[in-house]
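Q: One structure follows; several queries about it will come next.
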């Protein structure tokens, strides 16, 4: 192992060589300390030279009061500067790591949800697209007939990947679920069946969409899929109703 004292002396010698080569400049006090440490006569001569520059600069300064202006390097003061280095350690990870340091997190649980909702908003600009929306906000679970306790408990904790609603009125228009291989597992098939039955009771269009490569799907590709597979099956005529026309009238 390299001794710490030898390493310090090695760096001092390198610093001295830079000073002697006039590659860098330093105050005379710093050069004097370095000359004492290295027992260098060349550095002592450099100290005398720097002190001579200082006296000449002082002479110019006094002469400046009489109207004389210093010229050249003698008029430039030596500035000591420190170099500040900021180091940041980073590692590869998915988007969820960006929320790991705080309590707040994104409403999207995957990049697929983010790109899909952007395409949904662009394809249906007159409607409001909401991500990860609670199912019991659009389904009155207590009015669904023939529902068992397990399905009721699931419905109260279930979230939908995306919902299209009418702005201001809040009427749901369509429900979307982004499927993946995760939904092929036997334990998830039962939950999907409960979700299907609850949404079927509302009569809302329910679209389960699955992409071959969810991570690589772009907004344009989702937009094209919505135009081809969703738009022909979406009927807005019977669902758009205005509650603001008269508060005493109840929509049928």
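Residue numbers (our numbering): 9 to 260.
Every residue gets a Cβ at the ideal spot worked out from N, C-alpha and C, and that includes glycine.
1. Run through DSSP, which three-state label would residue 226 get?
2. Ignore the nearest five residues each way along the sequence and tell me which others in residue 14's own chain have a CB closer than 7 Å to its CB.
3. Tell me, to the nearest whole angstrom, how far the beta carbon of residue 159 is from that of residue 206; I am working on the premise that it is less than 8 Å.
4. Which full runs of the beta strand (DSSP E) of 3+ residues lie inside the stretch 141-206, going along the chain?
5. Buried or exposed, going by whether 16 or more other CB atoms sit within 10 Å of the CB of residue 281?
6. Considering only residues of the same chain and omitting the five flanking positions on each side of residue 261, which have a CB-CB separation below 8 Å?
7. Mapping the DSSP letters down to three states, classify residue 26 as helix, strand or coil.
8. Residue 113 by DSSP, collapsed to three states: which one?
9. Where do the N-terminal and C-terminal ends of the alpha helix (DSSP H) with residue 239 fall, by residue?
10. With DSSP collapsed to three states, give me the class of residue 218.
11. So residue 231 and residue 137 are supposed to be a Cβ contact under 8 Å. How far apart are they, rounded?
12. Return the CA-CA distance between residue 145 and residue 189, expressed in angstroms with no decimal places.
13. Within the same chain, show all residues whose beta-carbon is closer than 7 Å to that of residue 20, passing over the 5 residues directly before and after it, in chain order.
14. Of the choices 210, 153, 113 and 132, whose alpha-carbon is the least far from that of residue 174?
15. With a threshold of 6 Å on Cβ separation, who are the neighbours of residue 209 within its own chain once the five nearest residues in sequence on each side are excluded?
16. Which two residues bound the contiguous alpha helix (DSSP H) that contains residue 37?
17. Rounded to the nearest angstrom, how far is the Cβ of residue 54 from that of residue 26, given a contact under 8 Å?
18. By how many angstroms is the C-alpha of residue 18 removed from the C-alpha of residue 40?
A: A quick look at the data gives this:
1. coil
2. The answer is none, since no qualifying residue turns up.
3. Indeed they touch by this definition, with Cβ atoms about 7 Å apart.
4. If we require 3 residues or more, the beta strand (DSSP E) runs fully inside the stretch 141-206 come out as 167-173 and 180-187.
5. Here the chain comprises residues numbered 9 to 260, so residue 281 is not present and cannot be evaluated.
6. Nothing in the structure corresponds to residue 261, since the chain is present only between 9 and 260.
7. helix
8. Three-state DSSP puts residue 113 in coil, outside helix and strand.
9. Neither: residue 239 is in no alpha helix (DSSP H) and is coded neither H nor E.
10. strand
11. Not really, about 12 Å apart at Cβ, beyond 8 Å.
12. 27 Å
13. 42, 45 and 46
14. 132
15. 152
16. 36-46
17. Between residue 26 and residue 54 the Cβ distance is about 12 Å, and since that is not below 8 Å, they are no contact.
18. One C-alpha to the other measures close to 17 Å.
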